[in-house]
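Peer 1: Sending over a structure as structure tokens; questions will come in a sec.
There are 2 protein chains.
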Amino acid sequence: MTDVTPVLSRADQNLGSSLDRLFELLRIKSISTDPAYKAECHTAAEWLVAYLKTLGFEASVRDTPGHPMVVAHHSGASADAPHVLFYGHYDVQPVDPIELWDNDPFEPAIKDMGNGRKILTGRGTADDKGQLMTFVEACRAYKEVNSALPCRITILFEGEEESGSPSLKPFLEANATELKADYALVCDTGMWDRETPAIAAALRGLVGEEVVVTAADRDLHSGLFGGAAANPIHVLTTALAGLHDETGRITLENFYEGVEETPANIKASWEKLGQSAEDLLGQVGLSVPSGEKGRSVLELTWARPTAEVNGIWGGYTGEGFKTVIAAKASAKVSFRLVGKQDPAKIRETFRNYVRSKVPADCSVEFHAHGASPAIHLAYDSPVITKAKNALSDEWPKPAVVIGMGGSIPIVGDFQRMLGMESLLVGFGLADDRIHSPNEKYELASYHKGIRSWVRILDALAA
Amino acid sequence: MTDVTPVLSRADQNLGSSLDRLFELLRIKSISTDPAYKAECHTAAEWLVAYLKTLGFEASVRDTPGHPMVVAHHSGASADAPHVLFYGHYDVQPVDPIELWDNDPFEPAIKDMGNGRKILTGRGTADDKGQLMTFVEACRAYKEVNSALPCRITILFEGEEESGSPSLKPFLEANATELKADYALVCDTGMWDRETPAIAAALRGLVGEEVVVTAADRDLHSGLFGGAAANPIHVLTTALAGLHDETGRITLENFYEGVEETPANIKASWEKLGQSAEDLLGQVGLSVPSGEKGRSVLELTWARPTAEVNGIWGGYTGEGFKTVIAAKASAKVSFRLVGKQDPAKIRETFRNYVRSKVPADCSVEFHAHGASPAIHLAYDSPVITKAKNALSDEWPKPAVVIGMGGSIPIVGDFQRMLGMESLLVGFGLADDRIHSPNEKYELASYHKGIRSWVRILDALAA
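Those protein sequences? They're chains W and E, same order as listed.
Read in full-length UniProt numbering, the first sequence has 213 at position 213, and its numbers run on one by one without any break.
Read in full-length UniProt numbering, the second sequence has 96 at position 96, and its numbers run on one by one without any break.
Encoded structure:
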């Protein structure tokens, strides 16, 4: 390792302009899931390419059938420097309900919270524009001080992460040689808490399904037909309500096939983190763990699978009342997977289960929305150890190696398609309200995030 | 009873001018729900008053905070003639989508369908201007032949039936003495089929409820919180799915209190109508009765209570996918009531049931949307028997006494507020497309409807 003090100082001096650049990116409304923002997604990709070029990257916008990728390359300081692929995504979640935002989600701002704490507000500050820019700004500090980067770096920024990444696998396949590195760095995760950085070594997988139940061929008057005609909302709610038993377990046949119990030493290290149900749930106004009984909330969110209804709609939903029996009812359902659960099998089992609940004169359609298996990395690999030490040098408390409830399908894709493990480091906090109104990112996350990458790149190069 | 032949002949001779008068009324665009047509509603009321005056009624437009009422009085042929209140409504439904109409909805016409069948086309022909004019024209025929009416008649025409009748109860209350009669005649229902007239003697009641379940104080990321945080859609779907057991019965405690089995002879008369599940459900693309097992579709829709979810919504319902755990989930639920079921008790039982399904850290709110008890008239009352015989004399097949799945709140209001039962007779057909484009009324419904009222008035006076 080298003396990184000058690079860290440069990162400190740069902070004002680093924020300016982040805010430029945040102002671009790159909502990938809504076709109305297609042009803005392209603009975000172009902005990133232009900026990376100023840092000496060989960068390009790479078109896909969906939103474009950004790919950039930079050589390392020496020929034997490790080659890392850095991944982030420039697309963001929709902003509805817009009326719950305190500020325009696309007009980012710095808000002083008192006691020296400042936050950056706006859609994408934490997920994931703020995070990916921590890495870019770390590279910039290196370049300005050393005219070189300690590692050979390939950057891949995606624009469809919030809409199921339909173009990602074909793109990785078509560009495998160009993108293959020694390992990937992924910055789309969080800290353990405000003072404790975290490396995520276990990620849940995800299966997304949309279900549409159709009964009559038109909306019916509930006076004329009520009691005799099938109500698709009843069919749907009955199927969905049957997904869990009274102990919180998921009832689908063979659902727990491939789910392994967490090793005792890992569970013990999680227990040391001292997170109670009240700690996790209290921050969002809840208190009672809702999942499988007899397991800690960390286990429930990091190491156990789930079935969640993410959206439901059918019939009359406006003001007042309409005594209608709807023709259709729909739901979006997702499963978080762990261990070796097979996404394709889970999808099929779910579909068969729902079909079994649909009366003979009704019908059901399914639409697949993404599938990825769970990811498990070795808790004691050299890369994790180096990153752990580098992070521990930067933050008040030592870094911890944790599980994660979310899904980062790219990690599985890197593993399967490019034979490459990922190091997952990020600086988000649990209260960042990603995917919700009033998303924010701590100024400390941004600033010390940049400094963290300076240290990690140095450690990886050693 | 008297010899009504001269009056019937006069009604036949009058048919041309009876149609002219109906068409004048149909041309007035009295859409009550759209404020743009406020003046036209007033015009319709004025037209009716002017016409009733020419028939010797003491008639007046009676203003309300909404659209006006028409009230008219005429003495009977003798002091001991029964006093009846005739009810109809002069307001009509909106005409959207206008592009689906074959003709201008407010330029009524007679259309020859071949084989001697003619129909009257236009908004309001069946619901309810055509129907109310059958009664008015019956009165006219009587007056022209006898210079008298066999019953003492009070007429009440409402202009807000299609927009929730907000002024009706206050008007009945304020004018109870003036409006109270021996019984009411309501002409807003249908025939059993083209040849078989019907008297509706049972109407289901209705309780409407909106339920809002709140879990976390914001939308959550299902990766971070899934498995630990309560999902309000799960809470709601579980509660709603639990409303019915596997036999289709409603599970709410004491729900069936006040529900009586339909007398065997009534059930037998319904079975004779020969309506199979396929007849009712086949027309809307269904085939399997969904309610309580072992009961005919007529029994299910006329004589059994229901619980229906009329609308449900929560979480992400747009394009694509969003792995959110919603903060709130909502549903609109209605109960059709029969017999002596108590709307207030049903509402409270439902609320208590839902509350019992809500976890300690979630909350639920309810919003009431109307309540009316079921209406049951004695199947063998003298008034029904007289009307049944009169109708049987006019139509090819004998009249049937039926139930109705829908609610006609006015009937309950007459019962509760004026202590007066209603006789429900109407000449609409199931294919009249009321509330839809291309509304029509059979010319036979109009002509024989007029003749039917001639016969009924005579029978009631006897």
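For glycine and all other residues, C-beta sits at the position ideal for the given N, C-alpha and C.
Could you tell me which uninterrupted beta strand (DSSP E) segments, each at least 3 residues in length, are contained entirely in the region 149-229 of chain E, listed from first to last along the chain?
Peer 2: 152-158, 183-186, 198-203, 205-214
Peer 1: Distance, Cα to Cα, methionine 404 (chain W) vs leucine 429 (chain W)?
Peer 2: 13 Å
Peer 1: Evaluate serine 276 (chain E) with the Cβ neighbour count: other Cβ atoms within 10 Å of its Cβ, from every protein chain shown; 16 or more gives buried, anything less gives exposed.
Peer 2: exposed
Peer 1: One question on the structure: do aspartate 361 (chain W) and serine 296 (chain E) come within less than 9 Å of each other, judged by their Cβ atoms?
Peer 2: no
Peer 1: Just curious, the alpha helix (DSSP H) that asparagine 146 (chain E) is in, first and last residue?
Peer 2: Note, asparagine 146 (chain E): alpha helix (DSSP H), 129-146.
Peer 1: Can you have a look at serine 110 (chain E) and say buried or exposed, based on whether 16 or more other CB atoms are within 10 angstroms of its CB?
Peer 2: Correcting the residue identity first, residue 110 (chain E) is isoleucine in this sequence and not serine. Flag for isoleucine 110 (chain E) reads exposed.
Peer 1: Is the distance from the Cβ of serine 30 (chain E) to the Cβ of aspartate 91 (chain E) below 9 Å?
Peer 2: yes
Peer 1: How many angstroms separate the CA atom of asparagine 146 (chain W) from the CA atom of valine 383 (chain W)?
Peer 2: One Cα belongs to asparagine 146 (chain W), the other to valine 383 (chain W), and the distance between them is close to 24 Å.
Peer 1: At what residue ranges does the region 315-368 of chain E contain a whole run of the beta strand (DSSP E), taking only runs of 3 or more?
Peer 2: 328-337
Peer 1: Within its chain, find whatever has a CB closer than 7 Å to the CB of threonine 33 (chain E); leave out the 5 residues flanking it on each side and keep chain order.
Peer 2: Listed in chain order, the non-local C-beta contacts of threonine 33 (chain E) below 7 Å within the same chain comprise Pro94, Glu162, Ser163, local neighbours out to five positions each way being set aside.
Peer 1: Is there contact here, the region 227-238 of chain W with the region 301-319 of chain E, by at least three beta-carbon pairs under 8 Å?
Peer 2: yes
Peer 1: Which one or two residues does DSSP pair with arginine 117 (chain E) in a beta bridge?
Peer 2: Partner(s): E:Gly114.
Peer 1: Which residue spans inside the region 33-85 of chain E form an unbroken alpha helix (DSSP H) run of at least 4?
Peer 2: 38-54
Peer 1: Sorted by chain position, which residues of the same chain lie with C-beta nearer than 8 Å to aspartate 112 (chain W)'s C-beta, five sequence neighbours on each side aside?
Peer 2: Within the same chain, aspartate 112 (chain W) has close Cβ partners Lys118.
Peer 1: Can you give, in chain order, each stretch of the alpha helix (DSSP H) that sits fully within the region 364-426 of chain W and has at least 4 residues?
Peer 2: Unbroken alpha helix (DSSP H) stretches of 4 residues or longer found wholly inside the region 364-426 of chain W: 382-394, 409-418, given in chain order.
Peer 1: Using the beta-carbon of each residue, which ones in chain W are nearer than 7 Å to leucine 168 (chain E)?
Peer 2: Going along chain W, no residue has its Cβ under 7 Å from leucine 168 (chain E), so there is no contact; the nearest lies around 17 Å.
Peer 1: Check distances from the C-beta atoms of the region 70-96 of chain W to those of chain E and list, in chain order, the residues that come in under 8 Å.
Peer 2: Gln93, Pro94, Asp96
Peer 1: Got a sec: which bits of the region 256-287 of chain E sit with their beta carbon under 8 Å from any beta carbon on chain W, in order along the chain?
Peer 2: Of all residues in the region 256-287 of chain E, Ala277, Leu280, Leu281, Val284, Gly285, Leu286, Ser287 have a Cβ within less than 8 Å of some Cβ in chain W.
Peer 1: So, is threonine 177 (chain W) buried or exposed, given that buried needs 16 or more other C-beta atoms within 10 angstroms?
Peer 2: exposed
Peer 1: The alpha helix (DSSP H) that contains glutamate 278 (chain E), what's its start and end?
Peer 2: 277-282
Peer 1: Looking at C-alpha atoms only, which residue of W:Ala461, W:Asn103, W:Ala148, W:Asp188 is the closest neighbour of glycine 56 (chain W)?
Peer 2: W:Ala148
Peer 1: In the region 311-333 of chain W, which residues sit with their C-beta less than 9 Å from some C-beta in chain E, listed in chain order?
Peer 2: Gly311, Ile312, Trp313, Gly314, Gly315, Tyr316, Thr317, Gly318, Gly320, Phe321, Lys322, Thr323, Val324, Ile325, Ala326, Ala327, Ala329, Ser330, Ala331, Lys332
Peer 1: Determine, for residue 468 (chain W), whether the minimum Cβ-Cβ distance to residues of chain E falls below 9 Å.
Peer 2: This structure cannot settle anything about residue 468 (chain W), because the visible part of chain W is limited to 1 through 462.
Peer 1: Can you list, in chain order, the residues of the region 207-235 of chain W whose Cβ is nearer than 8 Å to any Cβ on chain E?
Peer 2: Gly208, Glu210, Ala215, Ala216, Asp217, Arg218, Leu220, His221, Ser222, Gly223, Leu224, Phe225, Gly226, Gly227, Ala228, Ala229, Ala230, Asn231, Ile233, His234
Peer 1: Taking 9 Å as the CB-CB cut-off, is leucine 172 (chain E) touching chain W?
Peer 2: no
Peer 1: Just to make sure I have the definition right: I need the residues of chain W whose C-beta is within less than 7 Å of the C-beta of glutamate 308 (chain E). Which are they?
Peer 2: Ser222, Gly226, Asn231, Ile325
Peer 1: Spatial neighbours of alanine 307 (chain W) within its chain, please: CB distance less than 6 Å, with the 5 preceding and 5 following residues excluded, ordered by chain position.
Peer 2: Same-chain partners within the cutoff: Leu243, Ile250, Phe335.
Peer 1: Considering just the uninterrupted stretch of the alpha helix (DSSP H) at tyrosine 446 (chain W), what are its terminal residues?
Peer 2: 443-461
Peer 1: Could you please give the first and the last residue of the uninterrupted alpha helix (DSSP H) stretch that includes tryptophan 101 (chain E)?
Peer 2: Here tryptophan 101 (chain E) belongs to no alpha helix (DSSP H), and DSSP marks it neither H nor E.
Peer 1: For proline 6 (chain E), report the span of its alpha helix (DSSP H) as first-last.
Peer 2: In the DSSP assignment, proline 6 (chain E) falls within the alpha helix (DSSP H) that extends over 5-26.
Peer 1: Thinking alanine 59 (chain W) and leucine 52 (chain W) are a contact (beta carbons under 8 Å), I'd like their distance in whole angstroms, please.
Peer 2: 4 Å
Peer 1: Can you grab the Cα-Cα spacing for the pair glutamine 387 (chain W) / phenylalanine 350 (chain E), in whole Å?
Peer 2: The amino acid at residue 387 (chain W) is misidentified as glutamine; the sequence shows alanine. The alpha-carbon atoms of alanine 387 (chain W) and phenylalanine 350 (chain E) are separated by roughly 56 Å.
Peer 1: Going along the chain, which residues of its own chain have a beta-carbon closer than 8 Å to the beta-carbon of glycine 291 (chain W), five neighbours each way excluded?
Peer 2: Around glycine 291 (chain W): Gly248, Leu300, Arg304, Thr306.
Peer 1: Please go through the same chain and pick out, in chain order, the residues whose beta-carbon is closer than 8 Å to the beta-carbon of arginine 143 (chain E), but skip the five residues on each side of it.
Peer 2: Sequence check: residue 143 (chain E) is lysine here, not arginine. The residues are Leu55, Gly56, Leu149.
Peer 1: DSSP state of residue 502 (chain W), grouped into three classes?
Peer 2: The requested residue 502 (chain W) does not occur in the structure, where chain W is confined to residues 1 to 462.
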